[in-house]
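Numbering (my numbering), first residue to last: 2 to 452. Beta carbons are placed, not taken as given, at the ideal position from N, Cα and C, and that holds for glycine. Because the structure is a prediction, the values reported are computed rather than measured. As structure tokens, the structure follows; a few thoughts come after it.
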């Protein structure tokens, strides 16, 4: 009992009491703490806690009756319950009215200040969309599906061998009983319909009817076709396959947005200084100057959808002509085009990464730069190699959480997680996919009204 009090009780009782400047800690506050801890024990356990205790699916029962000390939800759930009890019982000298704001403050104290993803999650919950999981015969995918269902972020649809999926659900005590499972092997009519559509789209690109039929045996083609036919709103895949083999079906089945010439991949890096957007990190191997312009415009538009004003730096090993070479000249040419044709875009370059991220350094040496007053928050890399290395180094050194890759430019939402992503990363991508589907639905409605 003393250990429970010291680890799960007192820290959060004191936190809540201090934050409302309580004159005393009364019985009402203690009971509120106990009730909050009891309620938390019955909720789904975060994947970070499962990993810390080398478990796949901790669940309320004889082996798990109280939350684990590493559960980051304790500070918000218990402290808030205590603070509310103090106010209601009349011992608080400070009254809190905005509990969401208070919860944000508590998370920030633990270094959990991910305001952007919380905002995106709220947006997703306002209008959950149907998301097909193309690799549903995988525990991580199924756990993520359970989380997004429980949190009302998305309506999951599971794609794969039905028996295998049900075995994984049963073995791990996952709560997905009422979730739709589609086994392509038992959908001959639907497969034929999708194959015929794919053949008509690709027949002048070397695709035969037989090729189309074979392609539909791949769940990425099947899932992308479900999105294309409007049977679901978005698709998530990529956990067990390389990026190229996952993006190809999406490009062939769905294609790019009207007016868009290419797709690009973007990562949102959650750093201590705030979010920084990286592109292109996944698709375009060695873009030309004109292609860099397209990528910049695509990413600029996407960053704005997060209610952030993009301040974009095009990177190289040179600063504003200080070095010659193919790469600096290419980047320089892209910036010139952007300044000439898109003056509304806040962008500059070419510049080195340290100058882009340090406005004092940039202003001291290149005061004419459009980014001299504030550091960049959007970085465009000269090639895929540079972008991919940069985000992975930052991620592995523990300097930032990577959210992505966010696939930009497709006509309908398909998002590809990293090979071997964690459950948290998959949930983040599903959340972004839902908001992407909402945005595309809004664009479609706007176009329909104009017509």
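The three-state reading of DSSP puts residue 134 in strand, counting E and B together.
Shown here, residue 258 sits in coil according to DSSP, grouped into three states, outside any helix or strand. Straight across, the Cα-Cα distance linking residue 372 with residue 426 is about 31 Å.
In the three-state reduction of the DSSP assignment, residue 5 falls in the helix class. In the DSSP assignment, residue 416 is bridged to 237.
Counting the other CB atoms within 10 Å of its CB gives residue 297 a total of 16 or more, which places it among the buried residues. Per DSSP, the beta-bridge partners of residue 278 are 269, 379. Apart from sequence neighbours up to five positions away, the residues of its chain that approach residue 434 with a beta-carbon distance below 7 Å are 132, 235, 237, 414, 416, ordered along the chain. Annotation: residue 19 is outside any beta strand (DSSP E); the continuous alpha helix (DSSP H) that includes it extends over 11 to 20.
Secondary structure of residue 411 (DSSP, three-state): strand. Taking the CA atoms as reference points, residue 6 sits about 13 Å from residue 69. Here residue 377 really is in contact with residue 314; their C-beta atoms are around 4 Å apart, less than 8 Å. A distance below 6 Å between beta-carbons, with the five flanking residues on each side excluded, links residue 20 to the following residues of its chain, in chain order: 84. Counting C-beta pairs closer than 8 Å gives fewer than three between the region 329 to 344 and the region 385 to 403, which falls short of the contact rule. Bounds of the alpha helix (DSSP H) holding residue 38 are 28 to 42. According to DSSP, residue 313 shares a beta bridge with 348, 379. The DSSP-derived three-state label of residue 405 is strand. Between the region 338 to 353 and the region 139 to 159, the count of C-beta pairs closer than 8 Å stays below three; the two stretches do not touch.
Remark: C-beta atoms of residue 317 and residue 351 approach each other more closely than 8 Å.
Across the structure, residue 51 and residue 104 are spaced so that their CA atoms are roughly 23 Å apart. Less than 8 Å divides the Cβ of residue 254 from the Cβ of residue 225.
Cβ atoms of residue 408 and residue 299 stay farther apart than 8 Å, at about 10 Å. Residues of the same chain with a CB within less than 8 Å of the CB of residue 276, apart from the 5 flanking positions on each side, are 117, 269, 270, 307, 309, 378 in chain order. Between residue 194 and residue 205, the alpha-carbon positions lie close to 19 Å from each other. Here DSSP, grouped into helix, strand and coil, assigns residue 181 to strand. With contacts defined by Cβ atoms closer than 8 Å, residue 153 and residue 184 do not form a contacting pair. The shortest C-alpha to C-alpha distance from residue 28 to any of 63, 90, 67 is the one to 90.
If the five residues before and after residue 72 are omitted, its C-beta is found closer than 6 Å to the C-beta atoms of 50, all from its own chain and listed in chain order. For the 8 Å CB-CB criterion, residue 288 and residue 301 do not form a contact.
Rounded to the nearest whole angstrom, the C-alpha separation of residue 342 and residue 264 is 20 Å. DSSP places residue 158 in the uninterrupted beta strand (DSSP E) bounded by 155 to 160. Ranked by how close their Cα comes to the Cα of residue 139, the residues 240, 78, 80, 229 have 240 in first place.
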